[in-house]
Amino acid sequence: MKSLRSRLIVVLVLVLAGAYYLYPTLKYDRLSKQEQVLFTKLSDTSKIPLKRLATEIYRDDVDFKAEIETSDLDTLAKADAIQQLEYLRGDFMRDMKEYRPKAIKLGLDLQGGMYLVLEVDLVQMLENQAKGKDEAFDALLADLRKRTHAGESDVFATLREIAGRDHISLNRYWGDAGQADDAILKEMEEASSDAEDRSLEILRNRIDQFGVSEPSIAKLGTRRISLELPGVKDPVRARELVGRTALLEFKIVVDAD
Numbered sequence: 242m243k244s245l246r247s248r249l250i251v252v253l254v255l256v257l258a259g260a261y262y263l264y265p266t267l268k269y270d271r272l273s274k275q276e277q278v279l280f281t282k283l284s285d286t287s288k289i290p291l292k293r294l295a296t297e298i299y300r301d302d303v304d305f306k307a308e309i310e311t312s313d314l315d316t317l318a319k320a321d322a323i324q325q326l327e328y329l330r331g332d333f334m335r336d337m338k339e340y341r342p343k344a345i346k347l348g349l350d351l352q353g354g355m356y357l358v359l360e361v362d363l364v365q366m367l368e369n370q371a372k373g374k375d376e377a378f379d380a381l382l383a384d385l386r387k388r389t390h391a392g393e394s395d396v397f398a399t400l401r402e403i404a405g406r407d408h409i410s411l412n413r414y415w416g417d418a419g420q421a422d423d424a425i426l427k428e429m430e431e432a433s434s435d436a437e438d439r440s441l442e443i444l445r446n447r448i449d450q451f452g453v454s455e456p457s458i459a460k461l462g463t464r465r466i467s468l469e470l471p472g473v474k475d476p477v478r479a480r481e482l483v484g485r486t487a488l489l490e491f492k493i494v495v496d497a498d
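Read in order, the letters of the sequence shown correspond to residues 242 to 498 in this note's numbering.
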């Protein structure tokens, strides 16, 4: 009798422990489903496109409240939209952040998701860094892009081959005057490696903002990056987030005097 009672107690403890550890996962899954419903409702009320809400609502540098206040909506609709927005960015976001780390992390094989492969555009990088562009440069770059389009060819080895074939010194468009091709190509390779590392960091920041549990981000070959996004149920939002072009601009600020 004691043995049976002990077994029942053990089973009860295991059931309670299982329920305790499963609750955050169930809660987070429910919140994830509710999120899309709330986004749709806010989009209908505020007239802000759903795609834009999905990618920017949790960003601190986007002021949707001010945008709603200055819109053409009537007073009641504005108040309703702002209330929905503040809930999403307030209590709802806090709940998501609380339960997300505690939820069970499932991979693509268990919960599905998205697998994306992105490519760093090294040819575009070379075009941005070039100087004294002319027709010969345009022809060289067009040939380079065509021959490396598949992503398998080495961009810099192909560039060396094309420049040698056309008897073009690389210092004509890159590097310093009189600089050897080898030195220029070495600098290009270092810049490309830095660009790939920065791309990885940018993607990690964007994926963290997206709220994916246990994403996998890694280099794939010389200029491709693979992403595994377990549990992502909105592929449009994911592609919009990771594929958005980032542009950093430096501008001279005129002194007040």
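Ideal Cβ placement from N, Cα and C applies to all residues, glycine included.
The structure presented is a predicted model; accordingly, all values stated were derived computationally and were not measured.
Tell whether a beta-carbon distance below 7 Å holds between LEU294 and ILE466.
-> no
Is PRO471 helix, strand or coil by DSSP?
-> strand
Is the segment 362 to 375 close to the segment 410 to 419, with three or more CB pairs under 8 Å?
-> yes
What residue from ILE309, ASP379, ARG386 and TYR356 has the CA that sits closest to VAL364's CA?
-> ARG386
Cβ-based neighbour list, VAL254, same chain, cut-off 7 Å, excluding 5 preceding and 5 following = none
DSSP-derived helix/strand/coil call for LYS581 | Only positions 242 to 498 of the chain appear in this structure, which leaves residue 581 out of reach.
Which stretch, first to last residue, makes up the alpha helix (DSSP H) that contains LYS387?
-> 376 to 388
Spatially closest choice to SER273 from ALA424, ALA383, PHE305 and ASP336, by CA coordinates | ASP336
Pick helix, strand or coil for GLY354, following the three-state DSSP scheme.
-> strand
Rounded to whole angstroms, what's the CA-CA distance from LYS268 to ASP438? Just pull it up for me.
-> 35 Å
For ALA421, does the count of other Cβ atoms within 10 angstroms reach 16, so buried, or fall short, so exposed?
-> exposed
Where does the unbroken alpha helix (DSSP H) through ILE323 begin, and where does it stop?
-> 316 to 328
Would you identify the three-state DSSP class for ARG300, choosing helix, strand or coil?
-> coil
Straight-line Cα distance separating MET334 from LEU381 | 51 Å
Sort out for me which residues DSSP pairs SER457 with in a bridge.
-> GLU469
Cβ neighbour criterion (16 or more within 10 Å) applied to PRO500 = Only positions 242 to 498 of the chain appear in this structure, which leaves residue 500 out of reach.
Below 8 Å CB to CB, which residues in the same chain sit around LYS319 once its five sequence neighbours on both sides are set aside?
-> ILE309, GLU310 and SER312
When DSSP builds the beta bridges, which residues end up paired with LEU359?
-> ILE466
Among LEU249, PHE397 and GLN277, which residue has its Cα nearest to the Cα of LEU329?
-> GLN277
When the Cα atoms are used, what is the spatial distance from LEU461 to ASP379?
-> 29 Å
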